[in-house]
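Reading through the structure tokens given below for one structure.
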Amino acid sequence: MRVRINFTKKGYLSYLSHLDLIRLFQRAFNRINLPVKYSNGFNPHPKFSIGAPLSIGITSDNEYMDVEIFDYIDEKKTLEMLNGQLPDEILIKSIYYLNTEESVTSKIRYAEYRIELVLNNNKDKDELICRLNDWYNQGYIRLIRYKLKKKQKIKIEYNMKEFIYSFIIYDKPSAINIRVVIETGQYGNLRPLDLTNRIIEDLDIKNTIKIMNIHRVDLYYLDGQNLKSIKKAR
Amino acid sequence: MMVSNKIKLDKILRKVKKPARYIGGELNTIKKDLENIDVKFVFCFPDIYEVGMSYLGLHILYYLINKEKDLVCERVFSPDLDMEKYMREEKLPLLTLENKVEVKKFDILGFTLQHELSYTNILNILNLSDIPIKKENRNREDPIVIAGGPCAYNPEPLADFIDLFIIGEGEELTLEVLNLFKQNKKNGYNKEQFLKDASKLEGVYVPEFYKIEYNLDNTIYKRKKIYKNAKNIINKRYIKDLNEMFTPKNMIVPYINIVHDRMILEIFRGCTKGCRFCQAGMIYRPVREKNIDTVIEESRYLVRNTGYEELSLSSLSSCDYSNLENLIYSFKAYEWSKDISISLPSLRLDSDILNILENINSGRKTGLTFAPEAGTQRLRDVINKGITDKDIDDTILRAFNQGWSNIKLYFILGLPTETNRDLDGIIDIGYRARNKFFNRPRELKKGHFNVTLACACFVPKPFTPFQWCEQNSIKDFNKKINYIKDKINDNQILFDYHDSQISYIEGIFARGDRRVSKILIKAHEYGCKFDGWSDYFNYGGWKKAIEDSKIDTDFYVNRKREFSEKLPWDFINIGVTKDYLKKEYKKSQKGIYTRDCRLGCNDCGIEHCTMRGD
Chain A
1 MRVRINFTKK
11 GYLSYLSHLD
21 LIRLFQRAFN
31 RINLPVKYSN
41 GFNPHPKFSI
51 GAPLSIGITS
61 DNEYMDVEIF
71 DYIDEKKTLE
81 MLNGQLPDEI
91 LIKSIYYLNT
101 EESVTSKIRY
111 AEYRIELVLN
121 NNKDKDELIC
131 RLNDWYNQGY
141 IRLIRYKLKK
151 KQKIKIEYNM
161 KEFIYSFIIY
171 DKPSAINIRV
181 VIETGQYGNL
191 RPLDLTNRII
201 EDLDIKNTIK
211 IMNIHRVDLY
221 YLDGQNLKSI
231 KKAR
Chain B
1001 MMVSNKIKLD
1011 KILRKVKKPA
1021 RYIGGELNTI
1031 KKDLENIDVK
1041 FVFCFPDIYE
1051 VGMSYLGLHI
1061 LYYLINKEKD
1071 LVCERVFSPD
1081 LDMEKYMREE
1091 KLPLLTLENK
1101 VEVKKFDILG
1111 FTLQHELSYT
1121 NILNILNLSD
1131 IPIKKENRNR
1141 EDPIVIAGGP
1151 CAYNPEPLAD
1161 FIDLFIIGEG
1171 EELTLEVLNL
1181 FKQNKKNGYN
1191 KEQFLKDASK
1201 LEGVYVPEFY
1211 KIEYNLDNTI
1221 YKRKKIYKNA
1231 KNIINKRYIK
1241 DLNEMFTPKN
1251 MIVPYINIVH
1261 DRMILEIFRG
1271 CTKGCRFCQA
1281 GMIYRPVREK
1291 NIDTVIEESR
1301 YLVRNTGYEE
1311 LSLSSLSSCD
1321 YSNLENLIYS
1331 FKAYEWSKDI
1341 SISLPSLRLD
1351 SDILNILENI
1361 NSGRKTGLTF
1371 APEAGTQRLR
1381 DVINKGITDK
1391 DIDDTILRAF
1401 NQGWSNIKLY
1411 FILGLPTETN
1421 RDLDGIIDIG
1431 YRARNKFFNR
1441 PRELKKGHFN
1451 VTLACACFVP
1461 KPFTPFQWCE
1471 QNSIKDFNKK
1481 INYIKDKIND
1491 NQILFDYHDS
1501 QISYIEGIFA
1511 RGDRRVSKIL
1521 IKAHEYGCKF
1531 DGWSDYFNYG
1541 GWKKAIEDSK
1551 IDTDFYVNRK
1561 REFSEKLPWD
1571 FINIGVTKDY
1581 LKKEYKKSQK
1591 GIYTRDCRLG
1601 CNDCGIEHCT
1611 MRGD
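From first to last, the protein sequence lines are chains A and B. Yeah, the first sequence ends on 234 if you go by the numbering used here, and it's all consecutive. Yeah, the second sequence ends on 1614 if you go by the numbering used here, and it's all consecutive.
See the structure below:
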């Protein structure tokens, strides 16, 4: 049996690495005696996995984890118990049984991020918004990746734009928010930091930005041509 | 003020390695409202988070103090190098983990002194907290700085920086000191009066109440009292009954990987083996055990409250617990313990234990380490390590036959009376282990074999029979290390050794007096820190610091002391008498073995010893 757990990752806990998060859940599961299935073999580990792990420093409203269990659980009770064991910044939003065979890892195709840019000088905002739009409207943005082929590091060139589904800029009172949906997962992946580093480098705005906050809004799968939240994949 | 600190912290967290070390908020931490607290105490383990959080004493003190409504205990550790760099750039002072308040704003800052090589980190932490390093430069607003732990048994090298030392076990005394401070604060804070009152508590040592005078040959002439009511002798403090002692039902569970990711539970304190190089074996006497029921109940709470899957039964020599087999089987009889694996920190070279562990840990093999300490029977008799070559070989073979293939063996180089023959003995043990592994029928040979010979450099410690011995010079250590290196010609026999230069620095502070503080200050100024880590150890900085101080450090490290000499730590009474240490030293010179005192009292001087039955 599999259940999916939808949770947040906020505040200081964004600094937990993926492995830290796994450890955190594993111990919480132990404390509430959640009937998690363990793998066989010499070094058994609990069978659960988090889809499209977040990089350190990025917060999220919607993360998804699949857990294999060997006994029935009461979803509501388990949710309450688990929230009692976890810090406030990691909030379990829902737990539900899965009917689908597809794992969260293979289901995820896109991720939506909100990139908040707080500038040193607010006066620079208007100009920067224009420049960001221009940047995105280029036809081709070169992305270089390295791949190991027969022990040789080879350079492969991509068009970064092919990984970007949408890119919308919002003008806020004291910040610029960029809402971007990018390809994520095993079929194609663009890391948000690669995107932001590129923007900062191309526009030379390292000293213009006071704070940059990256927040993952949700994860999506493809239903035909439409993007749907993973929440809907049951 | 506080708001801008948090903003600076956020900015820095994005740039450093493993930022989760600095965020606090871990499971079972306690965050109180500091406005309603009478005494704010901050506990500091002067090393990085991963090391400090593995120290059981931190968890004990944390819950001991925090259970009191009007006291608080928060934590601080050494920031890693990158964090420190950004903190200095941004002018962010050191903050505690719980409330992220400046360390400087606390009433009392307490350091645990686990090893001498953390001393530069202590100065660095004071510096990063904006607290003047020398206590003579501090004012009313600065926290009182206290320290305890095994190195406090020779507190003198730190006398210029620490206001008050806690000598012995801190469970009762720390609370007494904090409550005394609370009283003092209520009556209008007076630091001088507080220190005077505190010095009346048994186990408290206030260095500023004494002055040391030296002979022309630089040995100590006299300790003089400046404050007439100061004690002449400081008796160490210890807990009489471990079953009555406060033991936490919780442990703080870190987010990140730390050195010891497991529950740690003490099963007894003290040791009866009497190994002559070992300070812990002397200072933690008498042996006191927790009974099985206490241990099981305490583990039950820890399992429930932490979610850890491994439990370490901790003590100086866990296999000597009088009812170990019984304890382990009783533990395993419960439902709540079925998925918990048990580890014992160091194993006696005795094959029975391996059987027990095999049965209870359902195949999960934790690492196997043993400590023969010396390569030949002769030298083992000198140091009073009562195991034979047969014990070593049999146990190792047994371990291999039960499926272990990696073994670590601890040795010490530079022990008194050591010759090349003894070094040959170390190598021989390694080769015998190798042969034992391979000279077995094919079906039994499982896994990739290797044996590690891990050699430390002997640094004589206070309150041991060897406290009068000279430490080997750096040159001699290196000669011995190279001798062993050259003779090992098998890449499945690994040789690990300590840096002899680091051991030299350790030697200065292990048996130093007050005057070596000059060197410490200079070393700190030259950027020395994390001295115990060989990739950070800055020998050049230390050399310069020693030159600047114009102190002959060989005097402390490489000199043989006479029995008649006044030692800097003589004013502390650990229960074991100096006469007993002298007797043991003389026996060592003749290679005469002193038996385990569980088998019969050796009259070490301890009163009220449970081993004797009183």
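Glycine residues also receive a C-beta, built at the ideal position from the N, C-alpha and C atoms.
Original post:
If I1167(B) and I1239(B) are in contact, beta carbons under 8 Å, what's the gap, nearest whole angstrom?
Top reply: No, I1167(B) and I1239(B) are not in contact; Cβ-Cβ is about 14 Å, not under 8 Å.
Original post:
If you count every other CB in all the chains shown that lies within 10 Å of the CB of C130(A), and 16 or more means buried, which is it?
Top reply: exposed
Original post:
Excluding sequence positions up to five away, which residues of its chain have a Cβ less than 8 Å from the Cβ of P1248(B)?
Top reply: H1059, I1060, Y1062, Y1063, L1064
Original post:
the stretch 26-53 of chain A: which residues have C-beta closer than 8 Å to a C-beta of chain B, in chain order?
Top reply: Q26, R27, A28, F29, N30, R31, F42, N43
Original post:
Quick one: complete beta strand (DSSP E) runs, 3+ long, within the stretch 1058-1140 of chain B?
Top reply: 1071-1077, 1108-1112
Original post:
Would you say E1309(B) reaches chain A, if we count a Cβ-Cβ gap shorter than 8 Å as a contact?
Top reply: yes
Original post:
Between which two residues does the beta strand (DSSP E) containing A1433(B) stretch?
Top reply: Counting along the chain, A1433(B) falls outside any beta strand (DSSP E), though it belongs to the alpha helix (DSSP H) covering 1420-1438.
**OP:** Tell me whether S1517(B) sits in a helix, a strand or coil according to DSSP, three-state version.
**Re:** helix
Original post:
By how many angstroms is the C-alpha of I1030(B) removed from the C-alpha of A28(A)?
Top reply: 18 Å
Original post:
Is it buried or exposed for T1112(B), if we count other Cβ within 10 angstroms and need 16 for buried?
Top reply: buried
**OP:** Decide yes or no for the touch test of the stretch 1596-1605 of chain B against the stretch 1573-1581 of chain B: beta carbon pairs closer than 8 Å, at least 3 of them.
**Re:** yes
**OP:** Consider the C-beta atom of P1460(B) and the heavy atoms of the ligand FMN; say whether any pair is separated by less than 7 Å.
**Re:** Because no ligand of any kind appears in the structure shown, any question about the ligand FMN cannot be addressed here.
**OP:** Find out if the Cβ-Cβ distance for the pair R216(A), Y140(A) is shorter than 8 Å.
**Re:** no
**OP:** Can you have a look at M1001(B) and say buried or exposed, based on whether 16 or more other CB atoms are within 10 angstroms of its CB?
**Re:** Caution applies to M1001(B), whose pLDDT of 47 falls short of 50 and renders its modelled position unreliable; the model cannot decide the point.
Subject >> Within-8 Å CB hit, R1140(B) to chain A >> reply: no
**OP:** Give, in chain order, every unbroken run of the beta strand (DSSP E) that is at least 3 residues long and sits entirely within the stretch 1283-1353 of chain B.
**Re:** 1310-1314, 1341-1343
Original post:
If we count Cβ pairs, one from each stretch, closer than 8 Å, do we get three or more for the stretch 1034-1046 of chain B versus the stretch 1483-1503 of chain B?
Top reply: no
Original post:
Comparing alpha-carbon positions, which option in D126(A), D202(A), H45(A) lies nearest Q138(A)?
Top reply: D202(A)
**OP:** For the stretch 1207-1222 of chain B and the stretch 1257-1271 of chain B, state whether three or more C-beta atom pairs, one from each stretch, are separated by less than 8 Å.
**Re:** no
Original post:
With 8 Å set as the bound, which would you pick, yes or no: does the beta-carbon of Y1063(B) sit closer than that to a beta-carbon of chain A?
Top reply: no
Original post:
Is it the case that the Cβ atoms of I1412(B) and A1433(B) are separated by a distance below 8 Å?
Top reply: no
Subject >> Which residues DSSP lists as bridging P155(A), in chain order >> reply: For the sequence presented, residue 155(A) should be read as Lys rather than Pro. Answer is Y146(A), bridged to K155(A).
**OP:** Following the continuous beta strand (DSSP E) through K210(A), name the residue where it begins and the one where it ends.
**Re:** 209-223
Original post:
Name the chain B residues that come within less than 7 Å of R15(A), Cβ to Cβ?
Top reply: Residue identity differs from the one stated: residue 15(A) is Tyr in this sequence, not Arg. Simply L1013, P1019, A1020, I1023.
Subject >> CA nearest to the CA of I95(A), picked from R2(A), T196(A), D134(A), L193(A) >> reply: R2(A)
Original post:
Exposed or buried, P192(A), counting other C-beta atoms within 10 Å across all chains shown (16 or more means buried)?
Top reply: buried
**OP:** Tell me whether the beta-carbon of N1121(B) lies closer than 8 Å to the beta-carbon of S1078(B).
**Re:** yes
**OP:** List the residues of chain A whose Cβ lies closer than 7 Å to the Cβ of R1075(B), in chain order.
**Re:** Correct list: empty, because the minimum Cβ distance to chain A is about 15 Å.
Subject >> For G1307(B) and E1035(B), the rounded distance between their alpha carbons >> reply: 33 Å
Original post:
Just the Cα atoms here: how many angstroms apart are F1463(B) and G1414(B)?
Top reply: 18 Å
Original post:
Whose Cβ in chain B lies nearer than 9 Å to the Cβ of G57(A)?
Top reply: L1013, R1014, P1019
Subject >> 8 Å Cβ shell around I199(A) - same chain, five flanking residues per side excluded >> reply: L132, W135, I205
Original post:
For I1131(B) versus A1147(B), is the C-beta distance shorter than 8 Å?
Top reply: no
**OP:** Could you tell me whether the Cβ of D71(A) comes closer than 8 Å to any Cβ of chain B?
**Re:** no
Original post:
Among residues of its own chain, excluding the 5 on either side of L1173(B), which ones have a beta-carbon nearer than 6 Å to its beta-carbon?
Top reply: I1166, G1203, R1237
Original post:
Of all Cβ atoms in chain B, is any one closer than 8 Å to the Cβ of N24(A)?
Top reply: Note that residue 24(A) is Leu in the sequence shown, not Asn. Closer than 8 Å to some Cβ of chain B, the Cβ of L24(A) qualifies, so yes.
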